[in-house]
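K.L.:
Number of protein chains: 4
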Amino acid sequence: MTLPARSLRSDAARNRELLLAAAEEEFSKRGMDASIADVARRAGVAKGTVFRHFATKEELVAVVVGGHFVSLSAVAGKLLESADPTGALLEFLTVAAKQLQHQDLVFLQAVTEGDPTVTECRNQLHAGTNALVDRAQEAGGIRSDVTGPDILLILCALVHTVGLQTEQSPDSLQRHLIILFDGLRPQGASPLPGPVPERL
Amino acid sequence: MTLPARSLRSDAARNRELLLAAAEEEFSKRGMDASIADVARRAGVAKGTVFRHFATKEELVAVVVGGHFVSLSAVAGKLLESADPTGALLEFLTVAAKQLQHQDLVFLQAVTEGDPTVTECRNQLHAGTNALVDRAQEAGGIRSDVTGPDILLILCALVHTVGLQTEQSPDSLQRHLIILFDGLRPQGASPLPGPVPERL
Amino acid sequence: MTLPARSLRSDAARNRELLLAAAEEEFSKRGMDASIADVARRAGVAKGTVFRHFATKEELVAVVVGGHFVSLSAVAGKLLESADPTGALLEFLTVAAKQLQHQDLVFLQAVTEGDPTVTECRNQLHAGTNALVDRAQEAGGIRSDVTGPDILLILCALVHTVGLQTEQSPDSLQRHLIILFDGLRPQGASPLPGPVPERL
Amino acid sequence: MTLPARSLRSDAARNRELLLAAAEEEFSKRGMDASIADVARRAGVAKGTVFRHFATKEELVAVVVGGHFVSLSAVAGKLLESADPTGALLEFLTVAAKQLQHQDLVFLQAVTEGDPTVTECRNQLHAGTNALVDRAQEAGGIRSDVTGPDILLILCALVHTVGLQTEQSPDSLQRHLIILFDGLRPQGASPLPGPVPERL
DNA sequence: GATGAATGAGGGTTCATTCAT
DNA sequence: TATGAATGAACCCTCATTCAT
Numbered sequence: 043m044t045l046p047a048r049s050l051r052s053d054a055a056r057n058r059e060l061l062l063a064a065a066e067e068e069f070s071k072r073g074m075d076a077s078i079a080d081v082a083r084r085a086g087v088a089k090g091t092v093f094r095h096f097a098t099k100e101e102l103v104a105v106v107v108g109g110h111f112v113s114l115s116a117v118a119g120k121l122l123e124s125a126d127p128t129g130a131l132l133e134f135l136t137v138a139a140k141q142l143q144h145q146d147l148v149f150l151q152a153v154t155e156g157d158p159t160v161t162e163c164r165n166q167l168h169a170g171t172n173a174l175v176d177r178a179q180e181a182g183g184i185r186s187d188v189t190g191p192d193i194l195l196i197l198c199a200l201v202h203t204v205g206l207q208t209e210q211s212p213d214s215l216q217r218h219l220i221i222l223f224d225g226l227r228p229q230g231a232s233p234l235p236g237p238v239p240e241r242l
Numbered sequence: 043m044t045l046p047a048r049s050l051r052s053d054a055a056r057n058r059e060l061l062l063a064a065a066e067e068e069f070s071k072r073g074m075d076a077s078i079a080d081v082a083r084r085a086g087v088a089k090g091t092v093f094r095h096f097a098t099k100e101e102l103v104a105v106v107v108g109g110h111f112v113s114l115s116a117v118a119g120k121l122l123e124s125a126d127p128t129g130a131l132l133e134f135l136t137v138a139a140k141q142l143q144h145q146d147l148v149f150l151q152a153v154t155e156g157d158p159t160v161t162e163c164r165n166q167l168h169a170g171t172n173a174l175v176d177r178a179q180e181a182g183g184i185r186s187d188v189t190g191p192d193i194l195l196i197l198c199a200l201v202h203t204v205g206l207q208t209e210q211s212p213d214s215l216q217r218h219l220i221i222l223f224d225g226l227r228p229q230g231a232s233p234l235p236g237p238v239p240e241r242l
Numbered sequence: 043m044t045l046p047a048r049s050l051r052s053d054a055a056r057n058r059e060l061l062l063a064a065a066e067e068e069f070s071k072r073g074m075d076a077s078i079a080d081v082a083r084r085a086g087v088a089k090g091t092v093f094r095h096f097a098t099k100e101e102l103v104a105v106v107v108g109g110h111f112v113s114l115s116a117v118a119g120k121l122l123e124s125a126d127p128t129g130a131l132l133e134f135l136t137v138a139a140k141q142l143q144h145q146d147l148v149f150l151q152a153v154t155e156g157d158p159t160v161t162e163c164r165n166q167l168h169a170g171t172n173a174l175v176d177r178a179q180e181a182g183g184i185r186s187d188v189t190g191p192d193i194l195l196i197l198c199a200l201v202h203t204v205g206l207q208t209e210q211s212p213d214s215l216q217r218h219l220i221i222l223f224d225g226l227r228p229q230g231a232s233p234l235p236g237p238v239p240e241r242l
Numbered sequence: 043m044t045l046p047a048r049s050l051r052s053d054a055a056r057n058r059e060l061l062l063a064a065a066e067e068e069f070s071k072r073g074m075d076a077s078i079a080d081v082a083r084r085a086g087v088a089k090g091t092v093f094r095h096f097a098t099k100e101e102l103v104a105v106v107v108g109g110h111f112v113s114l115s116a117v118a119g120k121l122l123e124s125a126d127p128t129g130a131l132l133e134f135l136t137v138a139a140k141q142l143q144h145q146d147l148v149f150l151q152a153v154t155e156g157d158p159t160v161t162e163c164r165n166q167l168h169a170g171t172n173a174l175v176d177r178a179q180e181a182g183g184i185r186s187d188v189t190g191p192d193i194l195l196i197l198c199a200l201v202h203t204v205g206l207q208t209e210q211s212p213d214s215l216q217r218h219l220i221i222l223f224d225g226l227r228p229q230g231a232s233p234l235p236g237p238v239p240e241r242l
């Protein structure tokens, strides 16, 4: 009796993972326009199964978005142990940018508004980034008047917008990141690499 | 009394304006999820009337987005005559940010991709911003390795992302604009005003 | 006062003709799926003008269909004076077939059901074809057990159905007309021309 | 009692049948003007269910039309084994006429143009009728210059037209079939039964 | 009489969600 | 638990018809 129950459970767990992965993929490609049917298809399960795991589409989005916050928090947590506070912050921004670029879910935030789980995850992330920022500021690495959320917000904006470009070179993101870095430093500017973009 | 003589046409013209205003409002609030029915309702006309003025939803979006580009171009054009090149660029960014903040349609760009009219409007805007940037660069006001589209892109991203925040202080946008400005200057940083944001 | 009135009248009359011609064209091409807008456009007038001349779409159809009946009646009337009764009937069928093939409106009949004007026109046509058939039967040219409407009906059916074929040779209609003729003669059969059709 | 075991699938199957029957009915009455909503209503299901079974209206039409071709093919196939080739052909025409009369879908052919499944079904039907015709020709039962498609086309035309008549006697179809038969025979004609039709 | 703007019902189609199996 | 069939609301768009000018 317990064994089949366990096997069912693990099947369910596996389906949940498949669904989350599929949802991430679909939502990052088509936003809320991604259909539950598409998610189910990509996960290789039936539509009904999606609703067994997530009561509504919004809940699924919330879990996906929350997961991203958690994963970014983990990065921040690890870098908090670095010996170079300023380097750690820049490293965080670079890593976070790459992750966000791979799967841009920022614009789904609005949908998760008010979800307590997502809020919790986001608060955790903010705590992490604030700590990173504090350390860098203490070390004199960045201007003293910005906060973790400030930086995070700008980062998301940059990533998202780069994604909107039709002709984006591999350096597009890097260009904008450097502008951000320079804006964060107490002093001067660095050279930008790569070809210049021609269109908005 | 003489004016009402041609009121039929002017009624149609009025409806067109009402529709564009309604569309701007709806699209800026709900993006492409805004329904034609909502636009019609807000404009106070029947659904069919929308299609009399704009053959498809995409066309309506294109006209609205194109209009924004034109209006931004006008701002750029006026500032091109300023005696202070660097100040003109910063002024442009500030004004543009406010306009975009009021009605953020940037994220509808993807939908208008390939529309020749929108493309034309966008090119004009790019020309204007490039000119502003060139002048500021010649005056040594901003780093020499960025382009008009670079800056515009970042600006749009900031506005859009700030708009996603639920609890945004009036200074939110300004804070981030200043970081952007500082990232653009060849040298140091400026103080950030206002309360610090708490959430992403 | 009378002159401008007259000129208006003749303009109206001209528009009526233009509309009927346009309607014939459109309806024969697309049946009831032809839109009033298309008819108006082809006639070079505004949509509203169509409704000034014909109260409803159905009325327009009725007038067009009635006109066809009248025109076929005229052909029958002329051939009634022929010295060769059997030849006259066959000639009628051939001419009628060509006219119908050019503009097939038979399938719009259902729409005109109950319209007294169309009924009148149709009755006149039936009188004409009955007379043609009677004469041919008296002359021993065709079997004595068919009627004018029988023949007309079959003719219309053939034309319409041939019109549905995608790959119709110019001889398609002729092939089938000859089979019909042979079915009408008291005796034997005639050779069929042209390539054989491959599809239904 | 053992059968209901697989009732889920059979419910779906049942709905499919209901839908096809409803579609046949509606399409044969109103052609492509029949609405999906009407079909759904007649089948007793929701509109969405129609699209679960048939992706588009065109697909539904294609399936219905294809089904008719298949069913006619079956009749032809069975009669191919008859000992009396000429009788078999006439029997086929009679049976086919009755089936077509019950549900006239000929005029929907245009819509299915290019659909590979329908094409396949139609080709099969043509093969069957050609075989029937060949045998009848070898037996000297019908003229040697007609083909299966020829006959099929005339048959469809006759049936369709009889359907257009407002006051059709039960003999209407028979009258026209006999004319067709006589047109197919190498020699003379047969008497027509029933009252003569009065209207086109 | 002519125009063309406005209306609104209706059509095909999609999709989140429910539920019987 | 998983499935996928069914639902029905919502969407974009078309078109006959009305009516102010």
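Chains as they are written, first to last, in the numbering used here: chain A, 43 to 242; chain B, 43 to 242; chain C, 43 to 242; chain D, 43 to 242. Cβ atoms here follow ideal geometry from the backbone N, Cα and C, with glycine treated the same way. A quick note: this is a predicted structure, and the numbers were derived from the prediction, not measured.
1. Rounding to the nearest angstrom, what Cα-Cα distance links B:H218 and B:L150 in this structure?
2. Can you list, in chain order, the residues of its chain with a C-beta nearer than 8 Å to that of D:A178? Leave out the 5 residues immediately preceding and following it.
3. Against chain B, does A:H110 count as a neighbour if the rule is that its beta carbon must be under 8 Å from one of theirs?
4. Sorted by chain position, which residues of the same chain lie with C-beta nearer than 6 Å to B:G190's C-beta, five sequence neighbours on each side aside?
5. Look at the alpha carbon of A:G156 and the alpha carbon of B:D75, and state the distance between them as a whole number of angstroms.
6. At what residues does the alpha helix (DSSP H) containing D:S186 begin and finish?
7. Does the contact criterion of 3 or more C-beta pairs under 8 Å hold for the segment 65-85 of chain D versus the segment 135-150 of chain D?
8. Which of the residues in the segment 159-175 of chain B, read from start to end, lie with their CB under 7 Å from any CB of chain A?
9. For chain A, find out if any of its Cβ atoms is closer than 8 Å to the Cβ of B:A152; answer yes or no.
10. So with Cβ pairs under 8 Å, would you call A:F149 a contact of chain B?
11. Does the count of Cβ pairs from the segment 98-106 of chain C and the segment 194-211 of chain C closer than 8 Å reach three?
12. Quick check on D:G236: buried or exposed, where buried means 16 or more other Cβ atoms within 10 Å of its Cβ?
13. Does the beta carbon of B:I196 come closer than 8 Å to any beta carbon on chain A?
14. Where do the N-terminal and C-terminal ends of the alpha helix (DSSP H) with D:P158 fall, by residue?
15. I need the straight-line Cα distance from A:E59 to A:F96, nearest angstrom please.
16. Near A:V107, which residues of its chain fall below 7 Å by C-beta distance, leaving aside the five closest residues on each side in sequence?
17. Is B:N57 close to chain A, meaning its C-beta is less than 8 Å from at least one C-beta of that chain?
18. Look at the alpha carbon of A:P46 and the alpha carbon of A:N57, and state the distance between them as a whole number of angstroms.
19. Let me know the secondary structure DSSP gives B:T91 once reduced to three states.
20. Quick check on DSSP: helix, strand or coil for D:Q207?
21. Counting only C-beta atoms, is C:I221 closer than 8 Å to chain D at any point?
22. How is B:D126 classed by DSSP in three states: helix, strand or coil?
23. Thinking C-beta only, is B:V188 closer than 8 Å to B:L226?
24. For A:D224 and chain B, any beta-carbon pair shorter than 8 Å?
25. Using C-beta distances below 6 Å, list every residue in its chain close to A:S115, excluding the 5 sequence neighbours before and after it, in chain order.
26. By Cβ distance, which residues of its chain are closer than 7 Å to C:A64, with the 5 residues on each side in sequence left out?
27. Along chain B, which residues have their Cβ under 9 Å away from the Cβ of A:R217?
28. Would you please verify whether the beta carbon of B:V204 is less than 8 Å from any beta carbon of chain A?
29. Please tell me whether C:I220 and D:I221 are closer than 8 Å, where the distance is taken between their beta carbons.
30. Between the Cα of A:E66 and the Cα atoms of A:F111, A:F134, A:T136, A:D224, which residue gives the shortest distance?
31. State yes or no: is the beta carbon of A:A178 nearer than 8 Å to at least one beta carbon in chain B?
32. Excluding the five sequence neighbours on either side, which residues of its own chain have a C-beta within less than 7 Å of the C-beta of D:G119, listed in chain order?
33. Let me know if D:R164 comes out buried or exposed under the rule of 16 or more other beta-carbons within 10 Å of its beta-carbon.
34. A:S186 to B:S113, Cα distance in whole Å?
35. Keeping to the same chain, check which residues put their C-beta closer than 7 Å to that of C:S124; ignore five residues upstream and five downstream.
P.N.:
Inspection of the coordinates gives the following:
1. Counted from its first residue, the second sequence places residue 218 of chain B at position 176. Counted from its first residue, the second sequence places residue 150 of chain B at position 108. Whole-angstrom Cα-Cα distance: 22 Å.
2. Translated into positions along the fourth sequence, residue 178 of chain D becomes position 136. Around D:A178: P127, T128, A130, L131, I184.
3. Position 68 of the first sequence, counting from 1, holds the residue named residue 110 of chain A. Output row for A:H110: interface = no.
4. Taking the second sequence and counting its residues from 1, one reaches residue 190 of chain B at position 148. H168, T171, N172, V175, listed in sequence order.
5. Here residue 156 of chain A is taken as the residue at index 114 of the first sequence, counted from 1. Here residue 75 of chain B is taken as the residue at index 33 of the second sequence, counted from 1. The straight-line gap from Cα to Cα measures roughly 21 Å.
6. What you label residue 186 of chain D is simply residue 144 of the fourth sequence in a count that begins at 1. Careful: D:S186 lies outside any alpha helix (DSSP H) and carries neither H nor E.
7. yes
8. R164, H168
9. On the second sequence, position 110 is the one that residue 152 of chain B refers to. It does: the Cβ of B:A152 has a partner Cβ on chain A nearer than 8 Å.
10. Start at 1 with the first residue of the first sequence, and residue 149 of chain A comes out as number 107. Interface residue, yes.
11. no
12. For this step, residue 236 of chain D is matched to residue 194 along the fourth sequence. Its pLDDT being 44, under 50, D:G236 is placed unreliably in this model, and the coordinates cannot settle the point.
13. For the purposes of this step, residue 196 of chain B is taken as residue 154 along the second sequence, with counting starting at 1. Yes, B:I196 lies at the interface with chain A (some Cβ there is under 8 Å from its Cβ).
14. Counting from one through the fourth sequence, the residue named residue 158 of chain D turns up at place 116. Note, D:P158: alpha helix (DSSP H), 158-180.
15. Here residue 59 of chain A corresponds to residue number 17 of the first sequence, with the count starting at 1. Here residue 96 of chain A corresponds to residue number 54 of the first sequence, with the count starting at 1. Approximately 12 Å between the Cα atoms of the pair.
16. On the first sequence, position 65 is the one that residue 107 of chain A refers to. Result list for A:V107: L147, L150, Q151, T154, V160, in chain order.
17. By 1-based counting over the second sequence, the position of residue 57 of chain B is 15. So, not an interface residue.
18. The count along the first sequence starts at 1 and reaches residue 46 of chain A at position 4. The count along the first sequence starts at 1 and reaches residue 57 of chain A at position 15. Bear in mind that the predicted position of A:P46 carries a pLDDT of just 44, short of 50, making it too unreliable to give a figure here.
19. Here residue 91 of chain B corresponds to residue number 49 of the second sequence, with the count starting at 1. Of the three classes helix, strand and coil, the one that applies to B:T91 here is helix, per DSSP.
20. What you label residue 207 of chain D is simply residue 165 of the fourth sequence in a count that begins at 1. Here D:Q207 sits in coil by DSSP.
21. Here the question's residue 221 of chain C lines up with position 179 in the third sequence. Taking Cβ atoms only, chain D reaches closer than 8 Å to C:I221, which makes this a yes.
22. Start at 1 with the first residue of the second sequence, and residue 126 of chain B comes out as number 84. B:D126 falls in the coil class under three-state DSSP.
23. Locating residue 226 of chain B in the second sequence gives position 184, counting from the first residue. Locating residue 188 of chain B in the second sequence gives position 146, counting from the first residue. The answer is yes: Cβ separation under 8 Å.
24. Within the first sequence, the letter at position 182 stands for residue 224 of chain A. So, interface residue.
25. Working through the first sequence from its first residue, we reach residue 115 of chain A at position 73. Counting only Cβ-Cβ distances below 6 Å, and skipping sequence neighbours, we find Q166, L167, G170.
26. Mapped onto the third sequence, residue 64 of chain C falls at position 22. Contacts found: V81, R84, A85.
27. Translated into the one-based positions of the first sequence, residue 217 of chain A becomes position 175. Within 9 Å Cβ-Cβ: D187, V188, D192.
28. The residue given as residue 204 of chain B occupies position 162 in the second sequence. Yes, B:V204 lies at the interface with chain A (some Cβ there is under 8 Å from its Cβ).
29. The residue labelled residue 220 of chain C in the question sits at position 178 within the third sequence. The residue labelled residue 221 of chain D in the question sits at position 179 within the fourth sequence. At the C-beta level, C:I220 and D:I221 stay beyond 8 Å of one another.
30. Your numbering for residue 66 of chain A matches position 24 in the first sequence. The residue with the shortest Cα to Cα distance from A:E66 is A:F111.
31. If you number the first sequence from 1, residue 178 of chain A lands on position 136. Interface flag for A:A178 against chain B is unset, since no Cβ pair is found closer than 8 Å.
32. What you label residue 119 of chain D is simply residue 77 of the fourth sequence in a count that begins at 1. If we look at D:G119 and ignore the five residues flanking it on each side, its Cβ neighbours are G170.
33. Indexing the fourth sequence from 1 puts residue 164 of chain D at position 122. With 16 or more Cβ atoms within 10 Å of its Cβ, D:R164 is classed as buried.
34. For the purposes of this step, residue 186 of chain A is taken as the residue at position 144 of the first sequence. For the purposes of this step, residue 113 of chain B is taken as the residue at position 71 of the second sequence. Whole-angstrom Cα-Cα distance: 37 Å.
35. The count along the third sequence starts at 1 and reaches residue 124 of chain C at position 82. For C:S124, where only same-chain residues beyond five positions count, the Cβ hits under 7 Å are A130.
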